[in-house]
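Undergrad: Residue numbers (the working numbering): 289 to 457.
We treat Cβ as the ideally placed atom computed from N, Cα and C, and that holds for glycine.
None of the values given here were measured: they were computed from a predicted structure.
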């Protein structure tokens, strides 16, 4: 029986240690970037559409964990806005309608890497459907102005400020 050369054993041990180090660094990097555990089943590739709900959306990430799907939406803002929460609510409805799984919650990952847990409640789903109905009604009557209530400063960057009677500069 021949033994392996010492240099080969040393190389294998070094490769094993390097692999373990890279795994730990990768896990730490995922955590810092706001990526949760679980298996990523979609990374901004799956567009969900429901004719019944008349909604369409594409989550930035969907994670499969504990037998369910968790949507994530990544935003550059430092804190979630109501529109971000509504967007995640649309994903809750679409995942349930199209994939037959009701996510218990989802995450909005903000630009600073913080993960904001948003619960999937009946109130949330009702609110999102009400908003969707308001948007549909507004689109059906394009001559009727939509109340937008912009924050001061938002209008400077808006492409519709020249057409808007509510602009706040």
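Do you know how far the Cα of residue 456 is from the Cα of residue 310?
TA: Approximately 51 angstroms between the Cα atoms of the pair.
Undergrad: For a test of the three-state rule: what should DSSP assign to residue 422, helix, strand or coil?
TA: Helix at residue 422.
Undergrad: Determine the burial state of residue 484: buried for a count of at least 16 other Cβ atoms within 10 Å of its Cβ, exposed for fewer.
TA: What the structure shows of the chain is the stretch from 289 to 457, and residue 484 is not part of that stretch, so it cannot be assessed.
Undergrad: Starting from residue 359 and walking both ways along the beta strand (DSSP E), at which residues does that stretch end?
TA: Start and end: 356-362.
Undergrad: Judging by CA-CA distance, which residue of 339, 404 and 452 is the nearest neighbour of residue 386?
TA: Residue 339 is the option with its Cα nearest to residue 386.
Undergrad: Does the stretch 423-432 come into contact with the stretch 388-399, if we say contact requires no fewer than three beta-carbon pairs (one atom in each stretch) closer than 8 angstroms?
TA: They do not touch, by the three-pair rule.
Undergrad: What alpha helix (DSSP H) runs, 4 residues minimum, are completely inside the stretch 378-418?
TA: Correct list: empty.
Undergrad: Between residue 377 and residue 351, is the Cβ-Cβ spacing less than 7 angstroms?
TA: Result no, Cβ atoms of residue 377 and residue 351 do not sit closer than 7 angstroms.
Undergrad: Do you know offhand how far residue 449's Cα is from residue 369's?
TA: Roughly 21 angstroms between the two C-alpha positions.
Undergrad: Let me make sure I understand the geometry here. Which of 328, 366, 384 and 313 has the alpha-carbon closest to that of residue 345?
TA: The option with the nearest alpha carbon to residue 345 is 384.
Undergrad: Buried or exposed, going by whether 16 or more other CB atoms sit within 10 Å of the CB of residue 418?
TA: Residue 418 is exposed by the Cβ-count criterion.
Undergrad: Looking at the structure shown, is residue 449 part of a helix, part of a strand, or coil, going by DSSP?
TA: The answer is helix: DSSP assigns residue 449 an H, G or I state.
Undergrad: As a quick exercise: from 337, 302 and 330, pick the residue whose alpha carbon is nearest that of residue 357.
TA: Answer by Cα proximity: 330.
Undergrad: Determine the direct distance from the alpha carbon of residue 333 to that of residue 361, and round the result to whole angstroms.
TA: Distance between the alpha carbons of residue 361 and residue 333: 13 angstroms.
Undergrad: For residue 335, does the three-state DSSP call read helix, strand or coil?
TA: In this structure, residue 335 counts as coil in the three-state DSSP scheme.
Undergrad: Nearest to residue 407 by CA position, among 380, 426, 425 and 303, is which residue?
TA: That would be 380, whose Cα lies nearest to the Cα of residue 407.
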